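Engineer:
Number of protein chains: 2
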Amino acid sequence: MLGHAAQALGHTCRFLDPAENPPAALVGETIRADYDDSAALCELAAASDVVTYEFENVPVDALQTLAPRTVLYPPPDALRLAQDRLSEKQLFEKLGIPVPPYQIVDSREDLVATIATLGFPAVLKTRRYGYDGKGQFVIRDGGDLDSAWTLLGGRPLIAEAWVPFEREVSIIGARARDGSTRTWPLTENRHTDGILRVSLAPVDDAALERVAVRYMHLLLDQLDYVGVLTLELFVSGNGLLANEFAPRVHNSGHWTIEGAATSQFENHVRAVCGAPLGSTRCRDFVGMVNLIGLIPAAIRALPDPRTTLHDYGKTARAGRKLGHVTVVAPTAAERDRLVADLDHIVNQTEDLQGLLP
Amino acid sequence: MLGHAAQALGHTCRFLDPAENPPAALVGETIRADYDDSAALCELAAASDVVTYEFENVPVDALQTLAPRTVLYPPPDALRLAQDRLSEKQLFEKLGIPVPPYQIVDSREDLVATIATLGFPAVLKTRRYGYDGKGQFVIRDGGDLDSAWTLLGGRPLIAEAWVPFEREVSIIGARARDGSTRTWPLTENRHTDGILRVSLAPVDDAALERVAVRYMHLLLDQLDYVGVLTLELFVSGNGLLANEFAPRVHNSGHWTIEGAATSQFENHVRAVCGAPLGSTRCRDFVGMVNLIGLIPAAIRALPDPRTTLHDYGKTARAGRKLGHVTVVAPTAAERDRLVADLDHIVNQTEDLQGLLP
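Quick mapping for you: the protein sequence lines, in order, are chains A and B.
Going by this note's numbering, the first residue of the first sequence is number 3, and it counts up by one from there.
Going by this note's numbering, the first residue of the second sequence is number 3, and it counts up by one from there.
Below, the structure is given as structure tokens:
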């Protein structure tokens with residue numbers, strides 16, 4: 003989707019990806035190499051006016067290799083801070099952005115002491131390389147301590163108090179090279195098993211949005227950021243609490259292709275290439291339903307003109323995001339009804355997922 | 003743009019194009035061959051589930067080669083009829099769609115006799131292979147007869163009475179395999195030297211639009227059409243007169259990428275692939291300004307968030323369409339002001355066009 007946006011702006015893309023047939027190969031030459039392959043990184047830098055990245059498990063060292071050899075955005079520091087849940091939370095705290103109570107857990111003794119402080123339930127998380135709910139364990143009572151430690155122990159960990167949140171939201175912002183900033187409307191996100199299933203925009207709460215936009219500006223300016231950044235937040239009884247940020251375009255912003263004047267993808271390309279940002283104004287009421295593991299035939303043949311299918315051209319695999327459907331409707335109620343219908347179709351095919359490789 | 007739409011729907015594209023570096027090569031494998039190269043056509047057919055075309059000077063024979071070997075849309079007959087201004091007008095007449103007065107011109111004597119009937123000014127046109135105003139000559143008085151004949155004589159010609167039109171409009175429609183049909187809002191088009199410069203949508207005239215939509219349905223159903231079709235019309239004192247139709251996505255519909263729920267490109271792909279059509283509902287007030295010969299630096303660096311640049315990645319050449327800018331604004335007045343500004347920038351650089359190859 004980034005590649006399409008770049009091509010429409012007249013750019014030619016080249017990709018570095020360790021996968022065999024990455025979707026990006028459809029829109030440009032691909033250097034197949036690991037992210038830490040110096041020769042490949044140098045080849046990419048030499049061939050490019052600008053390099054960007056859109057996966058937060060790219061090693062920061064790769065960016066350090068690229069930085070002196072090309073123009074590189076977003077800044078490596080943003081990735082470095084986002085990769086460790088501790089530095090991420092410390093950044094939030096430094097900026098006065100509230101976070102759920104947390105403790106560092108480096109040993110089993112730490113874990114026991116931490117849970118004594120935080121109480122049940124608590125969430126034990128690896129500090130690094132979490133993705134789509136992986137590297138997390140919800141500790142509901144004392145009986146879960148052993149399982150949690152067996153699964154995750156030995157790596158740098160963090161424990162967080164369970165936030166009894168009303169809903170999860172995200173705010174996506176873009177910052178241009180000249181420091182000008184735009185944000186898309188606040189988006190509500192629904193997860194199952196740690197994987198985003200549904201996004202809905204805009205969230206009809208101007209006060210909440212104002213706070214989220216302020217946090218976004220604090221982050222973007224602090225990081226001297228260029229590109230698109232996503233901030234995930236919990237809406238709790240105590241207001242907005244920051245969960246994490248991602249220095250990239252985000253699944254919860256895929257709806258901006260149809261739903262906003264300029265998509266997150268186009269504005270990311272504009273920003274990193276030094277162009278001015280496009281309008282982030284929202285269109286009607288938008289929903290996004292992820293297609294995970296397989297793309298149901300009923301979705302592919304969907305006769306509803308208010309929906310748009312995006313098929314990433316990936317091989318089906320259980321738990322893999324293969325595409326999404328965007329819904330644009332003139333009222334929130336109509337959007338919600340459509341999203342519920344789509345979600346129902348997707349859930350009906352869940353049983354088939356066991357058959358997938 | 004068709005390729006991007008197809009990829010987003012999960013399709014893989016392969017192109018046949020005689021050009022050295024066609025823009026399509028960015029999004030798929032390209033067979034470089036002439037349109038009448040049977041071996042290349044067979045290769046394309048063998049490798050494809052569906053074949054479509056989007057240039058009306060593709061020879062009908064090429065479609066006849068493809069048709070028995072693959073699924074081919076739009077139907078070859080639509081192209082055949084569109085390629086000859088005489089058969090095109092006869093089709094309009096058969097369907098009761100009014101056309102400007104015209105006469106067949108096969109000799110210089112025909113020309114003199116025709117002009118005596120039609121009066122001055124009249125437009126002499128080649129029946130085939132016209133494009134962007136090429137193959138046309140406006141005969142303003144008797145002194146133009148020789149020049150017109152020298153330039154165009156010897157080919158099958160047609161002469162048309164000059165229509166004192168108020169404005170030119172186009173209607174774009176899509177028809178799915180099951181016969182269901184959708185049209186985008188009526189669009190006003192402004193040409194200079196036969197080349198489309200500006201399109202504006204929607205045209206605020208419901209009565210006019212109803213007539214245009216009716217003509218579109220007549221055409222689509224008569225042709226048993228599948229895909230996107232464009233009908234260009236003159237708005238004259240005598241109502242709507244058909245100018246020509248194009249069996250393809252159209253420059254006057256490029257605004258649908260940002261301005262409509264589903265673009266002409268996506269609906270063309272949906273139609274030819276047997277998928278249901280997406281909504282053609284329009285967003286706010288939309289304008290499109292073509293970038294011809296060169297893309298001005300001032301346009302590339304345009305800081306206006308209501309505009310989106312599309313750069314086709316073509317080599318600059320005088321008279322060549324290299325890209326376009328779409329404007330989406332909340333009011334018609336704001337849209338018109340923006341379009342005028344853009345047009346001004348484009349016109350200012352016209353003088354440079356003489357320097358182009």
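Even glycine gets a Cβ: it sits at the ideal position worked out from N, Cα and C.
No experiment lies behind these values; they were computed from the predicted model shown.
Between which two residues does the beta strand (DSSP E) carrying A/D86 extend?
Structural biologist: Walking along the first sequence from the start, residue 86 of chain A turns up at place 84. Element bounds for A/D86: n/a, residue is neither H nor E.
Engineer: Is the distance from the Cβ of A/R87 to the Cβ of A/E246 below 9 Å?
Structural biologist: Residue 87 of chain A sits at position 85 when you count from the first residue of the first sequence. Residue 246 of chain A sits at position 244 when you count from the first residue of the first sequence. Against a cut-off of 9 Å, the Cβ pair of A/E246 and A/R87 comes out as a contact.
Engineer: How would you write the range of the beta strand (DSSP E) that B/T309 sits in, first residue to last?
Structural biologist: Taking the second sequence and counting its residues from 1, the one referred to as residue 309 of chain B is at position 307. Taken as a continuous stretch (DSSP letters only), the beta strand (DSSP E) holding B/T309 covers 309-313.
Engineer: Per DSSP, which one or two residues make a beta bridge with A/L235?
Structural biologist: Residue numbering aside, residue 235 of chain A sits at position 233 when the first sequence is read from its first letter. A/L235 pairs with A/V171, A/A244.
Engineer: A/T258 and A/I174: beta carbons closer than 9 Å?
Structural biologist: Counting from 1 along the first sequence, the entry for residue 258 of chain A is found at position 256. Counting from 1 along the first sequence, the entry for residue 174 of chain A is found at position 172. Contact: yes.
Engineer: Where does B/Q9 land, buried or exposed, given buried means 16+ other C-beta within 10 angstroms?
Structural biologist: Here residue 9 of chain B is taken as the residue at index 7 of the second sequence, counted from 1. Under this definition B/Q9 is a buried residue.
Engineer: Residues bridged to A/Q105 by DSSP?
Structural biologist: Reading the first sequence from its first residue, position 103 is the one you call residue 105 of chain A. Paired residues: A/A161.
Engineer: So, at 8 Å on beta carbons, what are the nonlocal neighbours of A/L81 in its own chain, with the 5 sequence-adjacent residues on each side left out?
Structural biologist: Within the first sequence, numbered from 1, the residue matching residue 81 of chain A stands at position 79. Answer for A/L81: Y55, E58, V60, V62, L65, P249, listed in chain order.
Engineer: Beta-carbon within less than 7 Å of B/P25's beta-carbon, same chain only, minus the 5 sequence neighbours each way: which residues are those?
Structural biologist: Taking the second sequence and counting its residues from 1, one reaches residue 25 of chain B at position 23. So the qualifying residues of the chain are Y314, G315, K316.
Engineer: Taking C-beta to C-beta, are A/G77 and A/V228 nearer than 9 Å?
Structural biologist: The count along the first sequence starts at 1 and reaches residue 77 of chain A at position 75. The count along the first sequence starts at 1 and reaches residue 228 of chain A at position 226. Per the sequence shown, residue 77 of chain A should be read as Pro rather than Gly. Cβ atoms of A/P77 and A/V228: closer than 9 Å.
Engineer: According to DSSP, is B/T32 part of a helix, a strand, or is it coil?
Structural biologist: Sequence index remark: in the second sequence, residue 32 of chain B carries index 30 (1-based). Three-state DSSP puts B/T32 in a strand.
Engineer: Ends of the beta strand (DSSP E) at B/I347?
Structural biologist: Along the second sequence, read from residue 1 onward, the residue named residue 347 of chain B stands at position 345. Not the beta strand (DSSP E): B/I347 falls in the alpha helix (DSSP H), residues 334-350.
Engineer: Between A/G295 and A/H326, what straight-line distance do the alpha-carbon atoms span, to the nearest angstrom?
Structural biologist: Taking the first residue of the first sequence as 1, we reach residue 295 of chain A at position 293. Taking the first residue of the first sequence as 1, we reach residue 326 of chain A at position 324. In a straight line, the C-alpha of A/G295 is about 11 Å away from that of A/H326.
Engineer: Whole-angstrom Cβ separation of B/T183 and B/L222, contact assumed at under 8 Å?
Structural biologist: The count along the second sequence starts at 1 and reaches residue 183 of chain B at position 181. The count along the second sequence starts at 1 and reaches residue 222 of chain B at position 220. Between B/L222 and B/T183 the Cβ distance is about 6 Å, and since that is below 8 Å, they are a contact.
Engineer: Round the Cβ separation of B/V107 and B/P123 to the nearest angstrom and send it over; I've been treating them as touching at under 8 Å.
Structural biologist: The residue you call residue 107 of chain B lines up with position 105 of the second sequence. The residue you call residue 123 of chain B lines up with position 121 of the second sequence. Not a contact, Cβ separation roughly 15 Å.
Engineer: For a contact defined as C-beta to C-beta under 7 Å, what are the partners of B/D313 on chain A?
Structural biologist: On the second sequence, residue 313 of chain B is found 311 positions in, with the first residue counted as 1. Residues of chain A passing the Cβ test: L11, G12.
Engineer: Leaving out five residues on either side along the sequence, give the residues of the same chain with a beta carbon under 7 Å from the beta carbon of A/G143.
Structural biologist: In the first sequence, residue 143 of chain A corresponds to position 141, counting from 1. Rather than Gly, the amino acid found at residue 143 of chain A in this sequence is Asp. Excluding residues within five positions, the ones whose Cβ falls inside 7 Å are F122.
Engineer: Looking at the C-beta of B/T309, does it have a partner C-beta in chain A at a distance below 9 Å?
Structural biologist: Here residue 309 of chain B refers to the residue found at position 307 of the second sequence. So, interface residue.
Engineer: B/M290 lies in the beta strand (DSSP E); which residues open and close that run?
Structural biologist: Here residue 290 of chain B refers to the residue found at position 288 of the second sequence. From DSSP, the beta strand (DSSP E) with B/M290 extends over 287-294.
Engineer: Run through DSSP, which three-state label would A/E95 get?
Structural biologist: For the purposes of this step, residue 95 of chain A is taken as residue 93 along the first sequence, with counting starting at 1. DSSP places A/E95 in helix when its eight states are reduced to three.
Engineer: Have a look at B/E190, B/A342, B/D338, B/R322 and flag the residue whose alpha-carbon is nearest the alpha-carbon of B/Y133.
Structural biologist: Along the second sequence, read from residue 1 onward, the residue named residue 133 of chain B stands at position 131. Answer by Cα proximity: B/R322.
Engineer: Would you kindly report the start and end of the unbroken beta strand (DSSP E) that includes B/L210?
Structural biologist: Reading the second sequence from its first residue, position 208 is the one you call residue 210 of chain B. No beta strand (DSSP E) contains B/L210, which is instead part of the alpha helix (DSSP H) from 208-224.
Engineer: Excluding the 5 residues preceding and the 5 following B/V101 in the sequence, name in chain order all residues of the same chain whose CB lies nearer than 7 Å to its CB.
Structural biologist: Along the second sequence, one-based indexing puts residue 101 of chain B at 99. Once the five neighbours on either side are set aside, the close Cβ partners of B/V101 are K91, F94, E95, L243, A244.
Engineer: Apart from the five residues on each side of it in sequence, which residues of its chain come closer than 7 Å, Cβ to Cβ, to A/L225?
Structural biologist: As a position in the first sequence, residue 225 of chain A is number 223, starting the count at 1. The answer, listed in chain order, is P77, D79, A80.
Engineer: Of all the residues that make up the region 174-189 of chain B, which are near chain A by a beta-carbon distance shorter than 7 Å?
Structural biologist: Within the region 174-189 of chain B, no residue qualifies.
Engineer: Measure from the alpha carbon of A/D286 to the alpha carbon of each residue in A/Q266, A/V329, A/G280, then state which is nearest.
Structural biologist: One-based indexing of the first sequence puts residue 286 of chain A at position 284. Among A/Q266, A/V329, A/G280, the Cα nearest to that of A/D286 is on A/V329.
Engineer: Please list the partners that A/R285 has in chain B, where partner means a Cβ-to-Cβ separation under 7 Å.
Structural biologist: Translated into the one-based positions of the first sequence, residue 285 of chain A becomes position 283. Per Cβ cutoff of 7 Å: R285.
Engineer: Given that a residue counts as buried once 16 or more other Cβ atoms are within 10 Å of its Cβ, and exposed if not, what is B/L11?
Structural biologist: As a first step, residue 11 of chain B must be located in the second sequence, where it is residue number 9. Under this definition B/L11 is a buried residue.
Engineer: Give the secondary structure of A/G424 by DSSP, where H, G and I count as helix, E and B as strand, and everything else as coil.
Structural biologist: As shown, chain A starts at 3 and ends at 359. That puts residue 424 of chain A outside it, with no answer to give.
Engineer: Can you pull the chain B neighbours of A/V29, defined as C-beta to C-beta under 8 Å?
Structural biologist: Sequence index remark: in the first sequence, residue 29 of chain A carries index 27 (1-based). Residues of chain B passing the Cβ test: Q9, L28, V29.
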